[in-house]
Structures are given as C-alpha cells and as structure tokens.
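Numbering (UniProt numbering), first residue to last: 1 to 368. All remarks here apply to the structure that follows.
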C-alpha cells in the first residue's frame with residue numbers, strides 16, 4: 001500500500017468513512033492498545049505523528065496485500081489513541097514502536113477476547129475451538145487454546161470470538177452444539193451455559209447446529225432479534241451495519257422474535273427463511289442450499305443491488321470500494337464460487353453487461 005493510500009485510510013477512519021470490517025478491526029486494536037495507557041499527557045503534534053509513523057513503516061512487498069491493510073489500520077490506531085504517541089523521550093518512543101509492532105503481528109487474525117479484556121490470537125491453521133466450563137481447547141490435537149494462567153474466575157464469565165476479513169472459524173460448546181462463524185463476524189458467549197438456558201450473541205453471519213435439549217432452550221441474540229431453538233440447524237445473517245436480518249432454517253424448528261417492537265414472532269419450518277427489515281417481519285420458502293452457499297465456498301445473490309453485492313465481497317476480500325457515476329439499477333441473482341482473489345468474481349459480474357470495474361491495488365471502482 002502506498003503512502004497516499006495509508007493517508008487516505010487514516011483520513012477516512014477519522015471521518016467515519018471506513019468499511020464496517022475495517023472499522024471493527026481498527027477498534028479491536030485500539031481497545032487493546034489503549035488499555036496500556038491511562039490518559040493523554042497533552043494533545044499530540046499530528047504532523048509529527050504522521051511523518052514518524054510513515055518513516056517507521058516497513059517497505060511493502062507486492063505479495064503482502066492483506067498485511068498492508070493491517071499496517072494502515074495500525075497507523076490509524078496510533079493517531080486515534082493519542083496516548084500511544086506524543087513528543088517525549090526516545091525511550092518512550094521505542095516503547096510505542098514495540099507496542100505497534102506487537103499490534104501489527106495480530107493483524108488479520110482470529111481473535112478471542114476474554115471477559116477481563118485480554119485478547120488472544122487463535123491459531124489460524126486450526127479449524128476451531130471447543131469451549132466448556134473448565135477450558136478452551138483447539139479441535140485438532142485437543143491442546144489448550146488458552147494458557148492455564150488465564151483460567152481465572154472472571155475469564156469463565158464469557159468470551160468473544162471475532163473473525164477477520166476472509167476467514168472462518170468453528171466453535172463447539174460443552175453440549176456439542178456447533179457454530180461456524182463466517183468472515184468479519186463476532187460471536188459472544190459464556191464459557192458455561194446455565195442449567196435452564198443456552199445463550200449466545202451474534203454480530204455478523206454464522207451457521208448453527210444446536211444439540212436438542214427441551215429443558216435448556218438455545219437462544220441466539222442479535223442487535224434486532226432473538227431466536228429460540230430447541231434443537232436444529234440454521235443460518236443467521238445479522239451484521240449490525242445491514243438493514244436486514246435473515247434466519248434460514250435447515251432442520252428442526254425455531255421461533256424468531258424481533259426485539260424492541262410489538263411485532264409477533266414467527267415460527268419457521270425447514271426450508272423457510274424469516275426476513276426482518278424496517279420493523280417488518282415476514283417469512284418465505286427458500287432454497288436453503290443457495291441461501292447458505294457460503295458454507296460451500298460460494299457467494300449467493302438474490303435480487304441484490306450492486307452495493308449489497310460489493311458489501312458482501314468486502315467481507316471476504318481486502319478491498320476498498322468506490323463508486324463512479326450513476327449506479328446500475330440491475331438486480332443480481334445467482335451463485336458465484338469464491339476464489340482466492342477477487343478478479344474472477346469481478347469478471348463474472350462484468351459478464352452481466354450492467355457493471356464495470358476498475359481495479360487499482362486494493363481500490364475497486366464500480367462503474368455502469
């Protein structure tokens with residue numbers, strides 16, 4: 001990423017114009033770094049901050065595209081935090097640099113946040129973790145994902161798992177309920193469920209296989225709705241920045257109840273999907289394979305406008321989207337295989353003859 005691009009990302013974050021995934025990533029790092037400083041000694045010299053940061057950044061290599069998004073976000077962190085850099089002694093500056101390098105190493109990683117605020121990087125070569133009331137262990141090899149020193153009473157209260165752009169991670173609970181968390185998503189849960197209730201909170205997209213237990217119903221809470229489950233498999237798409245929340249049922253039954261509204265809930269049968277948007281809740285029959293195609297490594301579009309399409313791609317690829325001229329009014333339908341890079345996906349979209357793309361590094365310009 002060039003110096004100008006770093007400056008652009010810095011300015012966009014300060015102006016509140018970053019993508020939701022970039023914003024979430026930046027704020028995660030900020031929360032981690034800001035714990036190490038208590039207060040601002042005084043207002044930093046912003047020009048000196050920017051120049052010094054750029055001077056300290058390593059030179060990019062052509063094949064490290066995903067790393068440079070992380071570097072840019074860390075640049076923003078140093079400016080936003082303020083307390084991490086100011087006109088002071090060389091010793092303090094070296095300490096800042098060490099903290100910055102530590103943050104960069106955690107870039108684009110699957111993060112586990114403990115109830116005491118401590119964040120841990122998960123092994124991305126692992127498929128997932130198993131959480132029970134005594135430990136958190138990796139699914140492969142069954143070795144601990146958390147050191148024994150972190151196994152304290154406050155840690156047992158709950159954890160938060162966050163996936164970055166382009167990565168998925170699996171969680172298995174003590175009752176063998178499984179959750180596959182999609183990219184750019186966050187799942188918050190206790191390390192041990194209560195005797196009469198199992199509850200998790202989701203921001204993003206996930207697929208659930210819930211173990212049946214009529215005496216301990218399973219609840220999935222999102223920003224705008226609550227799903228009550230007895231034992232079933234279903235998918236939920238509930239990104240905080242989206243206007244629509246979708247729940248797609250594969251097997252069993254669920255009750256979907258909107259929050260903060262007088263609307264009645266709807267009970268879904270296999271093959272049905274609930275759609276909650278603009279304070280309205282409805283359900284319809286759907287092709288579950290298509291609706292949950294992300295489980296098989298594909299993107300599914302269902303009468304989606306171009307902005308919705310690009311938002312979906314941003315959650316998987318490290319891209320910055322800009323629009324030029326009038327937006328196409330075309331609605332996109334179909335399934336496109338997910339590829340290692342975005343180029344094949346853009347080529348397939350261009351074959352509709354309703355949209356064109358100009359690619360400059362991470363920057364994608366959408367044109368009619």
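No residue lacks a Cβ here, since even glycine has one placed at the ideal position from N, Cα and C. As the structure is a prediction and not an experimental result, all values here were calculated from the model.
- Exclusion of the five residues before and after residue 257 leaves 226, 265 as the residues of its chain whose Cβ lies within less than 6 Å of its Cβ.
- Counting only runs that start and end inside the segment 271-299, the beta strand (DSSP E) elements of at least 3 residues fall at 272-277, 280-285.
- Scanning 290, 239, 177, 168 for the CA closest to the CA of residue 218 turns up 177.
- Going by DSSP, residue 258 is part of no alpha helix (DSSP H) but of the beta strand (DSSP E) stretching over 254-258.
- Proximity of the segment 188-202 to the segment 159-169 meets the contact definition, three or more beta-carbon pairs being nearer than 8 Å.
- In the structure shown, residue 217 falls within a coil segment according to DSSP collapsed to helix, strand and coil.
- Around the Cβ of residue 182, a 10 Å sphere holds 16 or more other Cβ atoms; the residue is buried.
- The criterion of a C-beta distance shorter than 8 Å is satisfied by residue 216 and residue 198.
- Under the Cβ criterion (8 Å, minimum of three pairs), the segment 272-281 counts as touching the segment 236-246.
- Distance check between residue 224 and each of 260, 179, 212, 206 places 260 closest, using alpha-carbon atoms only.
- The beta-bridge partner set that DSSP reports for residue 304 consists of 332.
- When DSSP reads this structure, residue 138 sits in a beta bridge with 129.
- Sorting 127, 165, 346 by C-alpha distance to the C-alpha of residue 109 places 165 at the top.
- Residue 254 and residue 268 do touch by the CB rule: their CB atoms are close to 5 Å apart, below 8 Å.
- The C-alpha of residue 352 is placed about 18 Å away from the C-alpha of residue 325.
- Spanning the alpha carbons of residue 282 and residue 142 requires a straight line of approximately 42 Å.
- Each residue's CA atom was taken as its position, placing residue 129 and residue 116 some 19 Å apart.
- Residue 358 and residue 344 have their C-alpha atoms spaced approximately 13 Å apart.
- By the neighbour-count definition (other C-beta atoms within 10 Å, threshold 16), residue 113 is a buried residue.
- Note on residue 233: 16 or more other CB atoms within 10 angstroms of its CB, so buried under the neighbour-count rule.
- Going by DSSP, residue 229 is part of the beta strand (DSSP E) stretching over 225-229.
- It is roughly 13 Å from the alpha-carbon of residue 251 to the alpha-carbon of residue 292.
- A straight line joining the alpha-carbon of residue 184 with that of residue 332 spans about 23 Å.
- The DSSP-derived three-state label of residue 311 is helix.
- In the DSSP annotation of this structure, residue 346 is not part of any beta strand (DSSP E); the continuous alpha helix (DSSP H) holding it starts and ends at 343-350.
- In the three-state reduction of the DSSP assignment, residue 211 falls in the coil class, being assigned neither a helical nor a strand state.
- Contact annotation: residue 298 and residue 355 have beta-carbon atoms that are not nearer than 8 Å.
- Taken through DSSP and simplified to helix, strand or coil, residue 193 comes out as coil.
- Here residue 361 is exposed: its Cβ has fewer than 16 other Cβ atoms, across all protein chains shown, within 10 Å.
- Within the same chain, 345 come within 8 Å of residue 339 by CB-CB distance, once the 5 residues on both sides are set aside.
- Excluding five sequence positions before and after residue 131, the CB atoms of its chain that fall closer than 8 Å to its own CB belong to 159, 171, 172, 173, 174, 189, 191, given in chain order.
- The beta carbon of residue 315 is closer than 7 Å to those of 21, 165, 183, 184 in its chain, skipping five residues each way along the sequence.
- Separation of residue 230 and residue 203 (C-alpha to C-alpha, rounded to the nearest whole angstrom) is 21 Å.
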